[in-house]
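Participant: Going by UniProt numbering, the sequence shown opens with residue 1, and the numbers climb by one from there. Note that CB positions come from ideal geometry on N, CA and C, so glycine has one too. Pasting a structure here, questions to come.
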Amino acid sequence: MSLELISLENIQEFAHHYGYWAIFLGILLENLGIPLPGETVTLVGGFLAGSNELNYWLVLGDAVAGAAIGGTFGYWIGRLGGWNVLLQIGKLFRISEEKLLNIKAQFSENAVKAVFFGRFFALLRIFAAPLAGIADMSFGKFFVYNLAGASAWASVMVTLAFFAGKVVSLEQLVSWVSHFAIAALLILVALIVVPIWLESRQVKRAAGE
């Protein structure tokens, strides 16, 4: 099922019918890489809690559990087979293994930040855990920061929807959060890509001299 086929109305209807299971499974499956809008599912859960249709603490617990368990599965997928898949992708796009090893080393240095803060960025929420596994981050460290990140992200999303849903429509809230997540991702990419691009230009200039 593609993202286009999953409207906000579909998610609300699913949550009305299946309650806490819908929230847990929606977030879990998104973290496994299945194209489901887990962020929207979380906001819907918080909104329904704010309107007294669901219990706030159970929604929060579902969101934390779904994100943390999904992230753990993602980690082991990356740890056990992710590097071979990455090598195949590298060959497809003509990226050498040396460059991939360099990227792996750079990610390893920032794996803790990526696992904890990654949930607040579109797409990175899905890929941070597998990349942590590929980067050979210890499972103990991953477990701690994955759970902490899941708890922080779920608390913000559920609480935001719980209170903001009382003064703005759910549609508007989902739109604002989605735009923020995309904007944050673009800024993050710029902060990573621009310094690398500038450094490569300096190397080329030095080589030309």
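Which residue spans inside the UniProt domain "VTT" (36-160) form an unbroken beta strand (DSSP E) run of at least 3?
Facilitator: List check, beta strand (DSSP E) in window: nothing returned.
Participant: Can you tell which of E98, I34, E109, G46 has its C-alpha closest to the C-alpha of A15?
Facilitator: The count along the sequence shown starts at 1 and reaches residue 15 at position 15. Of the listed residues, the one whose Cα sits closest to A15 is G46.
Participant: Only counting the same chain, and skipping five residues up and downstream in sequence, which positions put a Cβ closer than 7 Å to that of A135?
Facilitator: Stepping through the sequence shown from its first residue, residue 135 is reached at position 135. Same-chain partners within the cutoff: K104, F107, S108, A111.
Participant: Going by Cα to Cα distance, which pick from V64, G133, I126, W57 is closest to N84?
Facilitator: Taking the sequence shown and counting its residues from 1, one reaches residue 84 at position 84. The shortest C-alpha separation from N84 is found at G133.
Participant: Distance check for E98 and Q172, CA to CA, integer angstroms please.
Facilitator: On the sequence shown, position 172 is the one that residue 172 refers to. On the sequence shown, position 98 is the one that residue 98 refers to. Spanning the two alpha carbons is a distance of roughly 45 Å.
Participant: Would you check if the distance between the CB atom of Y18 and the CB atom of L54 is smaller than 8 Å?
Facilitator: Mapped onto the sequence shown, residue 18 falls at position 18. Mapped onto the sequence shown, residue 54 falls at position 54. Taking 8 Å as the Cβ cut-off, Y18 and L54 do not qualify as a contacting pair.
Participant: Of all the options G61, E9, G70, W176, which has the alpha carbon lying nearest to the alpha carbon of V115?
Facilitator: The sequence position of residue 115 within the sequence shown is 115, counting from 1. The shortest Cα separation from V115 among G61, E9, G70, W176 belongs to G70.
Participant: Three-state secondary structure (DSSP) at I182?
Facilitator: Numbered from 1 along the sequence shown, position 182 holds the residue referred to as residue 182. Three-state result, I182: helix.
Participant: Measuring alpha carbon to alpha carbon, tell me which of A49, W57, F73, E9 ends up nearest L28.
Facilitator: Counted from its first residue, the sequence shown places residue 28 at position 28. If we check each option's Cα against that of L28, F73 comes out closest.
Participant: Quick check on the burial criterion: 16 or more other C-beta atoms within 10 angstroms. Buried or exposed for I34?
Facilitator: Sequence index remark: in the sequence shown, residue 34 carries index 34 (1-based). Exposed, because fewer than 16 other Cβ atoms sit within 10 Å of the Cβ of I34.
Participant: Taking the alpha helix (DSSP H) that G26 falls in, what are its first and last residues?
Facilitator: Indexing the sequence shown from 1 puts residue 26 at position 26. Unbroken alpha helix (DSSP H) run through G26: 8-31.
Participant: Under 7 Å Cβ to Cβ from A128, same chain only, skipping five residues before and after it: list those, please.
Facilitator: As a first step, residue 128 is located in the sequence shown; it is residue number 128 there, counting from the start. Once the five neighbours on either side are set aside, the close Cβ partners of A128 are A114, V115, G118.
Participant: One question on the structure: do V167 and L43 come within less than 8 Å of each other, judged by their Cβ atoms?
Facilitator: In the sequence shown, counting from the first residue as 1, residue 167 sits at position 167. In the sequence shown, counting from the first residue as 1, residue 43 sits at position 43. No.
Participant: Helix, strand or coil for I187? Go by DSSP, reduced to three states.
Facilitator: Here residue 187 refers to the residue found at position 187 of the sequence shown. It is helical.
Participant: What does the alpha-carbon distance come out to for the pair W76 and A148?
Facilitator: Mapped onto the sequence shown, residue 76 falls at position 76. Mapped onto the sequence shown, residue 148 falls at position 148. Answer to the nearest angstrom: the Cα atoms are 18 Å apart.
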